[in-house]
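Note sheet for the following structure.
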Amino acid sequence: MKAFEKLEKIDQNEEGIPHGQRVAKCVSMADISLLHNEDFNKSKDDEEKYFEKIQTYLELVEKPGSRQPAQNELMMNLAGDVSLMSVCFKQQVGAVIIDENGIIQSLGYNRTPDNIKDCAIDFKQCFRDYIVDKSEKCNECGSVIDIKDEDYKRFGKNLDQCR
Numbered sequence: 001m002k003a004f005e006k007l008e009k010i011d012q013n014e015e016g017i018p019h020g021q022r023v024a025k026c027v028s029m030a031d032i033s034l035l036h037n038e039d040f041n042k043s044k045d046d047e048e049k050y051f052e053k054i055q056t057y058l059e060l061v062e063k064p065g066s067r068q069p070a071q072n073e074l075m076m077n078l079a080g081d082v083s084l085m086s087v088c089f090k091q092q093v094g095a096v097i098i099d100e101n102g103i104i105q106s107l108g109y110n111r112t113p114d115n116i117k118d119c120a121i122d123f124k125q126c127f128r129d130y131i132v133d134k135s136e137k138c139n140e141c142g143s144v145i146d147i148k149d150e151d152y153k154r155f156g157k158n159l160d161q162c163r
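Sequential numbering of the sequence shown, starting at 1, is according to full-length UniProt numbering.
In structure tokens:
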């Protein structure tokens, strides 16, 4: 029960915390994300390279189609498109595997194992939310006290497939 609640709390991305970071939500909503793990004090060149990266993206905002996407950008967009095949409500994940020459070898997306029900089809909502909705809760704090649902008893051991 505690493990279930802990995972549920993590999945909520600090919802309910007035000044929580909600990093996952911010990243998923971002148009771009830049990795900067260099110290600007090392050299002026590092700083200039970083700002060149930013300028490249600003040009795309101002003038869409001004350059072709880089290989990694193309593959990330393709992975995003493939993720739409997932019926998971909480995490739609797509993947593209390429070889050393950049040729696509495989595409994939997350789905439930064959012996597990699909949330979207069988529960019409996330399985975790379905279980919480049907569970007995503490009147004072709202925490789940007892899970009585038959589906949880049968499939609960596989909750890691659904988060």
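Here a beta-carbon is modelled for each residue, glycine too, at the ideal position from N, C-alpha and C.
Where the alpha helix (DSSP H) containing residue i begins and where it ends
{"i": "Val87", "result": "Looking at the DSSP string, Val87 is not in any alpha helix (DSSP H), and its letter there is neither H nor E."}
{"i": "Lys53", "result": "44–62"}
Burial state of residue i, where buried means 16 or more other Cβ atoms lie within 10 Å
{"i": "Cys138", "result": "exposed"}
{"i": "Ser43", "result": "exposed"}
{"i": "Cys141", "result": "exposed"}
{"i": "Phe51", "result": "exposed"}
Pick from the options that is closest to residue i, judged by C-alpha positions
{"i": "Ile54", "options": "Leu35, Glu136, Lys44", "result": "Leu35"}
{"i": "Phe89", "options": "Arg111, Gln71, Glu100", "result": "Arg111"}
{"i": "Ile103", "options": "Val87, Thr56, Ser143, Gln71", "result": "Gln71"}
{"i": "Val87", "options": "Gln125, Ser143, Gln105", "result": "Gln125"}
First and last residue of the uninterrupted beta strand (DSSP E) at residue i
{"i": "residue 232", "result": "Since the first residue shown for the chain is 1 and the last is 163, residue 232 is missing from the structure and cannot be characterised."}
- Item | the stretch 130–144 touching the stretch 87–95, judged by at least three CB pairs closer than 8 Å | no
- Message: I'd like the ranges of any beta strand (DSSP E) spanning at least 3 consecutive residues and lying wholly in the stretch 90–146.
- Response: 94–98, 104–109, 144–146
- Cβ contact (3+ pairs, closer than 8 Å) linking the stretch 75–85 and the stretch 58–67: no
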